[in-house]
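Colleague:
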Amino acid sequence: MALTTNKAVLTWIDEMAAMTQPDRIVWIDGTEEQLEALRAEACSTGEMIQLNQEKLPGCYLHRTAVNDVARVEDRTFICCREKENAGPTNNWMDPVEMYAKLKKLYTGAMQGRTMYVIPYSMSVPGSPFAKYGIELTDSIYVVLNMVIMTRVGKKVLDLLGDSPDYIKGLHAKAQLDEKERYIVHFPEDNTIMSVNSGYGGNVLLGKKCFALRIASYLGRNEGWMAEHMLILGIENPQGEIRYLSAAFPSACGKTNLAMLIPPEGYRKAGWKVWCVGDDIAWLRVGQDGRLWAVNPENGFFGVAPGTNEKSNPNALSTTRQGTIFTNVVHNLDDNTVWWEGLDKNPPVNAKDWKGNPWNGQESAEKGAHPNSRFTAPAKNCPCISSEFENPQGVPISAIVFGGRRAKTAPLVYQSRDWKHGVFVGSTMASETTAAAAGAVGVVRRDPMAMLPFCGYNMGDYWQHWLDMEGKVAHLPKIFNVNWFRTDNEGHFIWPGFGDNLRVLEWIMKRCFDETDGVETPIGYVPRVDDINLEGTDVSKETLAGLLSVDQALWKEEAAGIREFYGKFGDKLPAELAHQLSVLEGNLG
Ligand code: OXD
Ligand code: MN
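To convert a position in the sequence shown, counted from 1, into the working numbering, add 17.
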């Protein structure tokens, strides 16, 4: 039974059903009874495995196909009418051609299957930030993940009413054929189409596809921003909470930073860190002229390997109930899960992420896929912010960019002003990781960590960032951090994790004019005495090294930026070309 009388919705679903030819159509109303029945069905077919309900209540395990374990950037398209509007960093195809190609792949793709209709909201339904979507999928796994990651149910359709203003998403697993796998966005049609994949980032259409690619396009047209950013609140001993948002390329420890536990000395003094979001921020200008942010998601789709009691106890405890694990190790002895970096006791009697027998004490092969994931409800997180559901969001004082740079970038520096900050964000670079398919360990530029997620020409996106300056009366200050500088043996110099709060403390003080900075050719760095090192093994000399700016390396960096900017031709904002010349000038 359809849960709405909205003509635009019903007509679209009829068309999609005529093409994909499912045996039945099921509307997801969001009730627990319906979800429980779906979980049981998924377990009966082997699509999911129910885990030990005493140790992990409400938790399940899923394995994807072995050829389908990560986002596929080379199969991801932005299909707007003009190629130029997708820009040099996106794959593009003419929409007419792409629709025709997809039609062939979707025709009959749901025969013998059920089409689930998932009405969902990104952000709190009914809030000023909220945007609605409907995802059609033939995967129960997708339904159950979307229920964790977004706000799903009939209420969304009630709020949508008769409006045609929603994002259409169609997902079909088809044959999981990697050569015919497409993740396609039609920003001008509010449409997302995903076929031949079952992996989260490609199929949970509310996340990267909607909340970043489509939303970034909407944000530009409507005067707001959709960013690949965590949001956190830092509470000082006086009980004042200040918020920042931070962009890092995939798998740079964003979830860890978002759930940071202060070092002991800080905890004792009364510092607390509150997580508002770990991956995506939507930012709007508030009535008070500040920039306000919400996390449009409702859960965390985090990388499992490396998550442990030390690196991220909050994330670990978040995954202890109501969580779906994907591609981790299944411990057959007690029907729980394990992954590399969880602890030093890999199970002996287990199955690896492919479902093959695996003995963690003996096997040379990894048991969990490096990009194995947990999908966990945000409300489980011990440090979830009391403002998580605030429909107005939180006011942002600092925007932080970062990446993995072994040598070039100092531990932290502050941009001179907004324009320079946009330049800093546009030149971000990092090493690739396992979150995206392809080579690991290669340095690539990833402006604002949005390279794979910007739904339009990146040059126009930078201009949009620059234009925000005129819209926000009280602009956040912009910083860059690098937790990953290494010594000559390749060891990380900065302890990272909770100790990153020492750097965030400086950042917040700068935002409130409570401390000074030292000017360098690339921006302001802290005075060595202004980063609290008490309780660390880091000496002042080491810190001085971490804060140093190597002119020769930065000349190389500037040359790299010039080359990168060259790709954007006329779309490169003049202001950014100017900022690059200023940097070159400063370097002498
Ligand atoms: C992710 C990513 O969040 O790849 O999954 O950025
Ligand atoms: Mn991400």
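The C-beta atom is built at its ideal place from N, Cα and C for all residues, glycine as well.
These numbers were taken from a predicted model, which means no experiment stands behind them.
Just to check my reading of the structure: LEU247 and ALA232 have Cβ atoms closer than 8 angstroms, yes? What is that Cβ distance to the nearest angstrom?
Modeller: Start at 1 with the first residue of the sequence shown, and residue 247 comes out as number 230. Start at 1 with the first residue of the sequence shown, and residue 232 comes out as number 215. Not a contact, Cβ separation roughly 16 angstroms.
Colleague: Comparing the CB of ASP463 with every heavy atom of ligand 2, is any distance shorter than 6 angstroms?
Modeller: Position 446 of the sequence shown, counting from 1, holds the residue named residue 463. ASP463 Cβ: outside cutoff for every heavy atom of ligand 2.
Colleague: Mind reading off the beta-carbon distance from ASP547 to TRP523? Whole number of angstroms is fine, and I expect it under 8 angstroms.
Modeller: Your numbering for residue 547 matches position 530 in the sequence shown. Your numbering for residue 523 matches position 506 in the sequence shown. Confirmed, about 6 angstroms.
Colleague: Just tell me which of GLN378, GLY319 and PRO374 has its CA closest to the CA of PRO363.
Modeller: As a first step, residue 363 is located in the sequence shown; it is residue number 346 there, counting from the start. When only C-alpha atoms are compared, the closest one is GLN378.
Colleague: Between THR124 and MET18, is the Cβ-Cβ spacing less than 7 angstroms?
Modeller: Residue 124 sits at position 107 when you count from the first residue of the sequence shown. Residue 18 sits at position 1 when you count from the first residue of the sequence shown. Going by C-beta atoms, THR124 is not nearer than 7 angstroms to MET18.
Colleague: Please classify PRO399 as buried or exposed, where buried requires at least 16 other C-beta atoms within 10 Å of its C-beta.
Modeller: Numbered from its first residue, the sequence shown carries residue 399 at position 382. Counting Cβ neighbours within 10 Å, PRO399 comes out exposed, since fewer than 16 surround it.
Colleague: Are GLY217 and ARG433 close, meaning C-beta to C-beta below 7 angstroms?
Modeller: Counting from 1 along the sequence shown, the entry for residue 217 is found at position 200. Counting from 1 along the sequence shown, the entry for residue 433 is found at position 416. No, Cβ-Cβ distance for GLY217 and ARG433 is not below 7 angstroms.
Colleague: Does the Cβ of ASP296 lie closer than 6 angstroms to at least one heavy atom of ligand 2?
Modeller: Locating residue 296 in the sequence shown gives position 279, where the first residue counts as 1. Yes, ligand 2 has a heavy atom inside 6 angstroms of this Cβ.
Colleague: How is the beta strand (DSSP E) around GLU536 delimited, first residue to last?
Modeller: Along the sequence shown, read from residue 1 onward, the residue named residue 536 stands at position 519. Segment 535-537, the beta strand (DSSP E) holding GLU536.
Colleague: Heavy atom of ligand 1 less than 6 angstroms from the Cβ of SER447, yes or no?
Modeller: Residue mapping note: residue 447 aligns to position 430 of the sequence shown, counting from 1. It does not: the Cβ of SER447 is nowhere closer than 6 angstroms to a heavy atom of ligand 1.
Colleague: Between SER334 and ligand 2, is there a pair consisting of the residue's CB and a ligand heavy atom that are separated by less than 6 angstroms?
Modeller: The count along the sequence shown starts at 1 and reaches residue 334 at position 317. No, since every heavy atom of ligand 2 falls outside the 6 angstroms radius drawn around the Cβ of SER334.
Colleague: Quick check on the burial criterion: 16 or more other C-beta atoms within 10 angstroms. Buried or exposed for SER447?
Modeller: Here residue 447 is taken as the residue at index 430 of the sequence shown, counted from 1. Per the 10 Å Cβ criterion, buried.
Colleague: Taking all protein chains shown into account, decide if ALA395 is buried (16 or more other Cβ within 10 angstroms of its Cβ) or exposed.
Modeller: Position 378 of the sequence shown holds residue 395. Buried, since its Cβ has 16 or more Cβ neighbours within 10 Å.
Colleague: Can you check the stretch 27-58 for any beta strand (DSSP E) of at least 3 residues that lies completely inside it and give the ranges in chain order?
Modeller: Runs of the beta strand (DSSP E) inside the stretch 27-58: 41-44.
Colleague: Below 8 angstroms, how does it come out for the stretch 436-443 and the stretch 489-499: are there three or more Cβ pairs, yes or no?
Modeller: Taking 8 angstroms as the limit for Cβ pairs, the verdict is that the stretch 489-499 does touch the stretch 436-443.
Colleague: In terms of residue numbering, what span does the alpha helix (DSSP H) encompassing LYS285 cover?
Modeller: Translated into the one-based positions of the sequence shown, residue 285 becomes position 268. Per DSSP, LYS285 belongs to the alpha helix (DSSP H) from 281-286.
Colleague: Compute the Euclidean distance between the alpha carbons of ASN505 and ASP567, then round it to the nearest angstrom.
Modeller: By 1-based counting over the sequence shown, the position of residue 505 is 488. By 1-based counting over the sequence shown, the position of residue 567 is 550. Answer to the nearest angstrom: the Cα atoms are 15 angstroms apart.
Colleague: Taking the Cβ atom as the reference point for each residue, do PHE265 and ALA466 lie within a distance shorter than 7 angstroms?
Modeller: By one-based count along the sequence shown, residue 265 stands at place 248. By one-based count along the sequence shown, residue 466 stands at place 449. Yes; because the gap between Cβ atoms is below 7 angstroms, this pair is in contact.
Colleague: Please state the DSSP three-state secondary structure of ARG307.
Modeller: Locating residue 307 in the sequence shown gives position 290, counting from the first residue. Reduced to three states, the DSSP call for ARG307 is strand.
Colleague: Within 6 angstroms: the Cβ of SER267 and any heavy atom of ligand 1?
Modeller: Counting from 1 along the sequence shown, the entry for residue 267 is found at position 250. Flag set: Cβ of SER267 near ligand 1.
Colleague: Express the C-alpha separation of TYR473 and VAL555 in angstroms, rounding to a whole number.
Modeller: Taking the sequence shown and counting its residues from 1, one reaches residue 555 at position 538. Taking the sequence shown and counting its residues from 1, one reaches residue 473 at position 456. Distance between the alpha carbons of VAL555 and TYR473 is about 43 angstroms.
Colleague: Look at the Cβ atom of ARG6, then the Cβ atom of ASP111, and state whether they are nearer than 7 angstroms.
Modeller: The structure shown does not extend to residue 6, since the chain spans only 18 to 605, so no value can be given for it.
Colleague: Please report the Cβ distance between HIS402 and GLY250, rounded to the nearest whole angstrom; I am assuming they are in contact, meaning their Cβ atoms lie under 8 angstroms.
Modeller: Locating residue 402 in the sequence shown gives position 385, counting from the first residue. Locating residue 250 in the sequence shown gives position 233, counting from the first residue. In the sequence on display, residue 402 carries Ser and not His. Between GLY250 and SER402 the Cβ distance is about 5 angstroms, and since that is below 8 angstroms, they are a contact.
Colleague: Using DSSP with H/G/I as helix, E/B as strand and the rest coil, what is ILE231?
Modeller: To locate residue 231, count along the sequence shown from 1; it is residue 214. Helix at ILE231.
Colleague: Return the chain-ordered list of same chain residues with a C-beta closer than 6 angstroms to the C-beta of MET276, the five sequence neighbours on each side being excluded.
Modeller: The residue you call residue 276 lines up with position 259 of the sequence shown. Counting only Cβ-Cβ distances below 6 angstroms, and skipping sequence neighbours, we find CYS292, ASN329, ASN331, ALA332 and CYS400.
Colleague: Which residue from VAL535, GLY552, PHE501 and ILE297 puts its Cα closest to that of ARG544?
Modeller: For this step, residue 544 is matched to residue 527 along the sequence shown. Closest by alpha carbon: VAL535.
Colleague: When we look at the beta-carbon of VAL134 and count the other beta-carbons within 10 Å, is it buried (16 or more) or exposed?
Modeller: The sequence position of residue 134 within the sequence shown is 117, counting from 1. Classification of VAL134: buried, given that the 10 Å Cβ count is 16 or more.
Colleague: Rounded to whole angstroms, what is the Cα-Cα separation between VAL201 and TYR183?
Modeller: Your numbering for residue 201 matches position 184 in the sequence shown. Your numbering for residue 183 matches position 166 in the sequence shown. Rounded to the nearest angstrom, the two C-alpha atoms are 17 angstroms apart.
Colleague: Do VAL346 and ALA385 have their CB atoms nearer than 7 angstroms?
Modeller: One-based indexing of the sequence shown puts residue 346 at position 329. One-based indexing of the sequence shown puts residue 385 at position 368. For VAL346 and ALA385, yes; Cβs fall inside 7 angstroms.
Colleague: Where ALA126 and LEU68 are concerned, what is the direct C-alpha to C-alpha distance, given to the nearest angstrom?
Modeller: Here residue 126 corresponds to residue number 109 of the sequence shown, with the count starting at 1. Here residue 68 corresponds to residue number 51 of the sequence shown, with the count starting at 1. Roughly 31 angstroms between the two C-alpha positions.
Colleague: Taking the straight line between their C-alpha atoms, what separation do you get for TRP44 and PHE514?
Modeller: Walking along the sequence shown from the start, residue 44 turns up at place 27. Walking along the sequence shown from the start, residue 514 turns up at place 497. In a straight line, the C-alpha of TRP44 is about 43 angstroms away from that of PHE514.
Colleague: In whole angstroms, give me the CA-to-CA distance for LEU52 and ASN344.
Modeller: Within the sequence shown, numbered from 1, the residue matching residue 52 stands at position 35. Within the sequence shown, numbered from 1, the residue matching residue 344 stands at position 327. About 22 angstroms.
Colleague: State the DSSP-derived secondary structure class of HIS437, mapped to helix, strand or coil.
Modeller: In the sequence shown, the residue the question calls residue 437 occupies position 420. Helix.
Colleague: Measuring CB to CB, does ASN315 end up less than 7 angstroms from ARG168?
Modeller: Within the sequence shown, the letter at position 298 stands for residue 315. Within the sequence shown, the letter at position 151 stands for residue 168. In contact: ASN315 and ARG168 (Cβ atoms closer than 7 angstroms).
Colleague: Please list the terminal residues of the continuous beta strand (DSSP E) segment that includes TYR123.
Modeller: To locate residue 123, count along the sequence shown from 1; it is residue 106. Segment 112-123 is the alpha helix (DSSP H) holding TYR123; no beta strand (DSSP E) there.
Colleague: Give the single residue among PRO105, ASP85 and CYS269 whose Cα lies nearest to the Cα of VAL212.
Modeller: Mapped onto the sequence shown, residue 212 falls at position 195. That would be ASP85, whose Cα lies nearest to the Cα of VAL212.
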